[in-house]
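Data block below; observations after.
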C-alpha cells in the first residue's frame, strides 16, 4: 500500500475513533503495515497538522488521538455546552491522592483527608477513574486502588509521569 494511502487511512481511523488508537491496533487494521511505518506516518500527519491546520495528534493513554488547537477552545465549548461530569472537591482530592500514591488503600487516603472516603471511592470506581488493583498483603487484606486509562483521558495525559509534581501543584494553589 502506498504511503499516502496509509496516512489517509490512519487519519480517518483516528478521526472516527472515540478512544486513543495504539500502534498495535492500527497495525491490526492496516494488515501488513508494520508499527514503524505507522509511527512514521503518524509523525508526518502530525507535522502536516502543525504546519497547515488547527489539529494535532497526541499520544494519550498509550494510544493516539486527534485534538484541536487550544486556541479554538472558546468556540468548541460553545458548541458543546454540556461538559463532562464535574467532580466534587472531595472527589478531586481523593483522586489526586490515589494518582500520586498508587497503589493505595482506603485507610491511607482517609488518614490524609481525615474523613471517610468510602462513598467517594465508590463514585470514582463507577466513573471508571480508578480501579481495584488487588489486595494489600496485610491483616484484613484491604483493597488497593489505582488510576485507569479513563483518568488519563479525562485529564488529557499520556501517562502518570505527566502529572505535575506535588511542588508544582502547591505553587498553583493561592
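Residue numbers (the working numbering): 29 to 202.
No residue lacks a Cβ here, since even glycine has one placed at the ideal position from N, Cα and C.
- Under the three-state reduction of DSSP, residue 96 is assigned to strand.
- Residue 49 carries a strand assignment under DSSP once its states are collapsed to helix, strand and coil.
- Just so you know, the alpha carbons of residue 154 and residue 107 end up roughly 27 Å apart.
- The C-alpha of residue 168 lies about 34 Å from the C-alpha of residue 190.
- If you check the CB distance, residue 159 and residue 174 come in under 8 Å.
- With respect to residue 104, residue 42 sits apart: the two C-beta atoms are not nearer than 8 Å.
- If you check the CB distance, residue 140 and residue 164 do not come in under 8 Å.
- Going by beta carbons, residue 56 and residue 67 fall outside the 8 Å limit.
- Three or more beta-carbon pairs separated by less than 8 Å link the region 88-97 to the region 31-46, which places the two stretches in contact.
- Listed as beta-bridge partners of residue 173 by DSSP are 132 and 160.
- Under DSSP, the beta-bridge partners assigned to residue 91 are 88.
- For residue 192, no alpha helix (DSSP H) encloses it, and the DSSP letter there is neither H nor E.
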